[in-house]
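Residue numbers (this note's numbering), protein chains in the order written: chain A, 28 to 341; chain B, 6 to 437. Quick notes on the structure that follows.
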Amino acid sequence: MSWNRRHLLTLEELSLAEIEQIHTTAAAFKRTLQRSVKKVPALRGKTIVNLFLEPSTRTRMAFDMAAKRLSADVISVDAASSSTTKGETLRDTAENIQALQADMIVIRHAAAGSPLYLSRILDIPVINAGDGAHEHPTQGLLDTFTMKEHLGSLRGRKVVILGDILFSRVARSNIHALTKMGADVTLVGPSTLVPQSFTEMGVSVSHDLKSALADAEVVMLLRIQHERQAAGLFPSLGEYTSMFGLNKTRASWLNPKAIIMHPGPINRGVEIDSELADGPRSVILQQVTNGIAVRMAVLYLCAGGQPELVTPAD
Amino acid sequence: MPTLWIRNARVIDPAAKRDAVSDLFVVDGLIVDSLPLAARKRARKIDATGQVACPGLVDIHVHFREPGQTHKETMATGSQAAAAGGFTTVVCMPNTSPVADNTGTIQLMKDVIARDSVIRIYPTGCITVGMKGQTLAPIGSLKRAGVVAITDDGDCVQSNDLMRRAVEYARMFDLPVMDHCQDHSMTQGAVMNEGVMSTRLGLRGWPNAAEDLIVARNVILSEYTGAHIHLQHISSRFSVDIIRRAKTRGARISAEATPHHIALTDESLATYDTHFKMNPPLRTEEDRQALIEGLRDGTLDIIATDHAPHTDYEKDKEFDFAPNGILGLETALPVTLEVLVRQNKFKLPFVVDLMTRRPAKLMNLPAGTLANGAAADICLFAPDEKWVYDAKMGFSKSSNSPWSGQTLTGRVKTTIVGGRVVFSNGRLPQAR
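Next up, the structure:
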């Protein structure tokens, strides 16, 4: 089966087969990362612009790294250095990037839907690196890729996503990917941050940590931001931790082989105890490494590469 | 001014309970019951066979952007869009630049209207100085300067006490108070209806409850003070219920629904198209049905458009950053006919009433009738004619309409204001 998409905007619009194609391609690229010479020539001569209009460390570095491993030239633009601070519209910024002969644009933006908006304007591929509270497709892809490495097929696997779901693009992308892959997903957190409307997306919603964690094979924690407390969504970080923070006792309710995930950045002592973040069940840093391979796959496929052509021969 | 002989129209005049195929005559800008044979020969004849002749439509909620935002719309272009949509009387909102919180701005508007408008435009004034919700605007002076109502438009007065004083004070002049019902504390950063769609799209939600709270507040204040409060563009099913109960108690509450809220839902936002972004937002199918039933049983009194022009470059943005609002005047009649008459089997004279006599009566305007001796403000439309609406070819200065490019059924053929033909077969013969 060939890859037919130019843009990666959401996981909602991808089929299960497409998600698996990306995972297969990522697995091949991951093997190249073990070699002493890590570069492959797949995107040699191509220029990728990382347009990061919202702060990001991990995602931006991973996209940067992925593009360089593929031998592309990379230019990164952030909000402070872009002309958007001078009042330029997103359309004009993007059209200028295209006129500068970029071959692909990776966008991170605080406004949901802006990658879709750019894809309607531009002729070059648009990759969503996170749009508001909507989606973060490469994160959802790397998270499910990491889960598969540990659990094999995700069909029927019990996955818990715990934390600020309402404002989380990571949660939404994971929900779409995991439901397509057949996982049994439960969202957990305070009712103000985990509204019932999420059940329409094919997942369960729970506010009872103990029953939700029982026998879960994956628990994915999401960062709790103190801004939400200021907005009155929960009383205090302390109360959050006492009600929903993952600690050693609560982790014992999980399936013994369960893995602990977090997209970062971590608030140690808030949503997760330090010893669990650093413990043997944590795959948090593996997620980061897999982020490079998955983004290599996405850049490669959306630039016109085909899954079967990835041959990581030494 | 020529004598007019409109022939063979289905004449619908809700005020007179008239619905029959007949002729209409206009002499010296007034409607007359009959015309002597000699005068008929000299009259300008308009063949309206197959068309409906009704009072010129009345829209008590438009934004004409002058003064201050004339890149979006002017009194001239707004009035032309109104004429093209069959409207002969409109009431414009005070959120201009500067806002209409002083008599000088009202006088300026009146001068521009007298100079540029092809229809009748009535201004409203602000409730509070600067529309800031802090101190009362000079409401009595505004009334004397000619406003027909007061409103803080999208900046709903948040203080219950100040609103109480405003309606109590305005009642002294029998001046209606129009309110855009929105509790700001519940809608910080909100850009669409709160619900399943906002959850899926990751957009900040504007819950029904934020409207319902202020609707309930206004019902309470109206009953407490005896003042007339008009609730603008109701969008929530719970609000419809609150208003229905209030009316059974005889509260002086009136309410409007827009064509877009009765025609569309938040499902339209799936592609983040900013032409579906407005305030209050499009809501769910249940809300939409409740609005239609509210119009049917009289809970909601009228249709009003909230015609809100914005330029292409203003609307062409990330969804979060695009301004709220869409055009309404040129599509209001066909959209309303589609939803109410064809889909929901409302009687045509009733729908005409929702768009003519009733809104005029709510704002005490001399409009909405074809009675002998009334000003000849007339709309002729072909109820079943299909046409493609292209907002770029429309008469508004802006083109931000979700219906652009769509085939609509029901087309305004001729609009007459005070006996003058101001719109005829797609053109503005007297555009100044």
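We put the beta carbon where it would ideally sit given N, CA and C, even for glycine. For clarity, every value in this text was computed on a predicted model and none was experimentally measured.
So which residues of chain A does residue i contact, with C-beta pairs closer than 7 Å?
{"i": "D317 (chain B)", "result": "Near D317 (chain B) there are no residues of chain A at all, since even the closest Cβ is about 11 Å away, more than 7 Å."}
Roughly how many whole angstroms lie between the Cα atoms of residue i and residue j?
{"i": "I319 (chain B)", "j": "A119 (chain B)", "result": "As written in the sequence, residue 319 (chain B) is Glu, which differs from the Ile given in the question. Their backbone Cα atoms lie some 29 Å apart in a straight line."}
{"i": "K397 (chain B)", "j": "T82 (chain B)", "result": "13 Å"}
{"i": "A105 (chain B)", "j": "D121 (chain B)", "result": "19 Å"}
{"i": "E78 (chain B)", "j": "A86 (chain B)", "result": "10 Å"}
{"i": "S195 (chain A)", "j": "I155 (chain B)", "result": "42 Å"}
{"i": "I421 (chain B)", "j": "D28 (chain B)", "result": "15 Å"}
{"i": "F172 (chain A)", "j": "A330 (chain A)", "result": "21 Å"}
{"i": "E47 (chain A)", "j": "L205 (chain A)", "result": "12 Å"}
{"i": "G318 (chain A)", "j": "T86 (chain A)", "result": "8 Å"}
{"i": "D188 (chain B)", "j": "R222 (chain B)", "result": "10 Å"}
{"i": "L36 (chain A)", "j": "C384 (chain B)", "result": "48 Å"}
{"i": "V427 (chain B)", "j": "W30 (chain A)", "result": "58 Å"}
{"i": "G135 (chain B)", "j": "D211 (chain A)", "result": "54 Å"}
{"i": "T8 (chain B)", "j": "A44 (chain B)", "result": "8 Å"}
{"i": "L218 (chain B)", "j": "D311 (chain B)", "result": "21 Å"}
{"i": "M131 (chain A)", "j": "R432 (chain B)", "result": "47 Å"}
{"i": "A285 (chain A)", "j": "R58 (chain A)", "result": "25 Å"}
{"i": "V197 (chain A)", "j": "P290 (chain A)", "result": "8 Å"}
{"i": "V321 (chain A)", "j": "M92 (chain A)", "result": "11 Å"}
{"i": "A379 (chain B)", "j": "M6 (chain B)", "result": "16 Å"}
Indicate the three-state DSSP secondary structure (helix, strand or coil) for residue i in the structure shown.
{"i": "H253 (chain A)", "result": "helix"}
{"i": "Y318 (chain B)", "result": "helix"}
{"i": "Y277 (chain B)", "result": "coil"}
{"i": "K185 (chain A)", "result": "strand"}
{"i": "C97 (chain B)", "result": "strand"}
{"i": "E272 (chain B)", "result": "helix"}
{"i": "A387 (chain B)", "result": "strand"}
{"i": "I75 (chain A)", "result": "strand"}
{"i": "V232 (chain A)", "result": "strand"}
{"i": "S429 (chain B)", "result": "strand"}
{"i": "F30 (chain B)", "result": "strand"}
{"i": "I8 (chain A)", "result": "Absent from the model: residue 8 (chain A). The displayed extent of chain A is 28 to 341, so no value can be given."}
{"i": "H177 (chain A)", "result": "helix"}
{"i": "M191 (chain B)", "result": "helix"}
{"i": "L353 (chain B)", "result": "helix"}
{"i": "N198 (chain B)", "result": "strand"}
{"i": "L205 (chain A)", "result": "helix"}
{"i": "P142 (chain A)", "result": "helix"}
{"i": "A313 (chain B)", "result": "coil"}
{"i": "K95 (chain A)", "result": "helix"}
For residue i, which of the options has the nearest alpha-carbon?
{"i": "T276 (chain A)", "options": "A:G190, A:D300, A:L264 and A:G332", "result": "A:D300"}
{"i": "H161 (chain A)", "options": "B:G151, B:G330, B:T276 and B:R288", "result": "B:T276"}
{"i": "D325 (chain B)", "options": "A:S231, A:T165 and A:G159", "result": "A:G159"}
{"i": "L180 (chain B)", "options": "B:R209, B:I132 and B:D160", "result": "B:I132"}
{"i": "A137 (chain A)", "options": "B:E173, B:G194, B:N100 and B:D160", "result": "B:G194"}
{"i": "T116 (chain A)", "options": "B:K366, B:A337 and B:K322", "result": "B:K322"}
{"i": "V245 (chain A)", "options": "A:L193, A:N282, A:I75 and A:G157", "result": "A:N282"}
{"i": "R23 (chain B)", "options": "B:A58, B:L9, B:G135 and B:M168", "result": "B:A58"}
{"i": "A258 (chain A)", "options": "B:S190, B:K391 and B:L274", "result": "B:S190"}
{"i": "I102 (chain A)", "options": "A:F79, A:D119, A:R118 and A:P262", "result": "A:F79"}
{"i": "E199 (chain B)", "options": "B:S240, B:L236 and B:L226", "result": "B:S240"}
{"i": "I134 (chain A)", "options": "A:Q128, A:L41 and A:D105", "result": "A:D105"}
{"i": "A107 (chain A)", "options": "A:R118, A:R199, A:S83 and A:A241", "result": "A:S83"}
{"i": "L168 (chain A)", "options": "A:S141, A:D150, A:S200 and A:E176", "result": "A:S200"}
For residue i, return the contacting residues in chain B, with the cut-off set at a CB-CB distance below 8 Å.
{"i": "T116 (chain A)", "result": "Y318, D321 and K322"}
{"i": "P217 (chain A)", "result": "None at all; the shortest Cβ gap to chain B is about 16 Å."}
What are the residues that DSSP puts in a beta bridge with residue i?
{"i": "F172 (chain A)", "result": "According to DSSP, F172 (chain A) bridges with nothing at all."}
{"i": "W392 (chain B)", "result": "B:L413"}
{"i": "M183 (chain B)", "result": "B:T156 and B:H235"}
{"i": "A262 (chain B)", "result": "B:I308"}
{"i": "V101 (chain A)", "result": "A:I75"}
{"i": "F92 (chain B)", "result": "B:L62"}
{"i": "V67 (chain A)", "result": "Answer is none; V67 (chain A) lacks a bridge partner."}
{"i": "S309 (chain A)", "result": "A:I287"}
Whose Cβ in chain A lies nearer than 9 Å to the Cβ of residue i?
{"i": "R242 (chain B)", "result": "Near R242 (chain B) there are no residues of chain A at all, since even the closest Cβ is about 17 Å away, more than 9 Å."}
Along chain B, in chain order, which residues have C-beta atoms closer than 7 Å to that of residue i?
{"i": "G209 (chain A)", "result": "The contacting residues do not exist; G209 (chain A) stays about 20 Å from chain B at best."}
{"i": "A138 (chain A)", "result": "E323, F324, D325 and F326"}
{"i": "L303 (chain A)", "result": "Those do not exist, as L303 (chain A) stays about 28 Å from chain B at its closest Cβ, beyond 7 Å."}
What in chain A is Cβ-close to residue i, meaning under 8 Å?
{"i": "G200 (chain B)", "result": "S224"}
{"i": "T192 (chain B)", "result": "What T192 (chain B) touches in chain A: nothing, since even the nearest Cβ is about 13 Å away."}
Give the residues of chain C in contact with residue i, contact being defined as C-beta atoms less than 8 Å apart.
{"i": "L206 (chain B)", "result": "Included in the structure are the protein chains A and B, with no chain C among them."}
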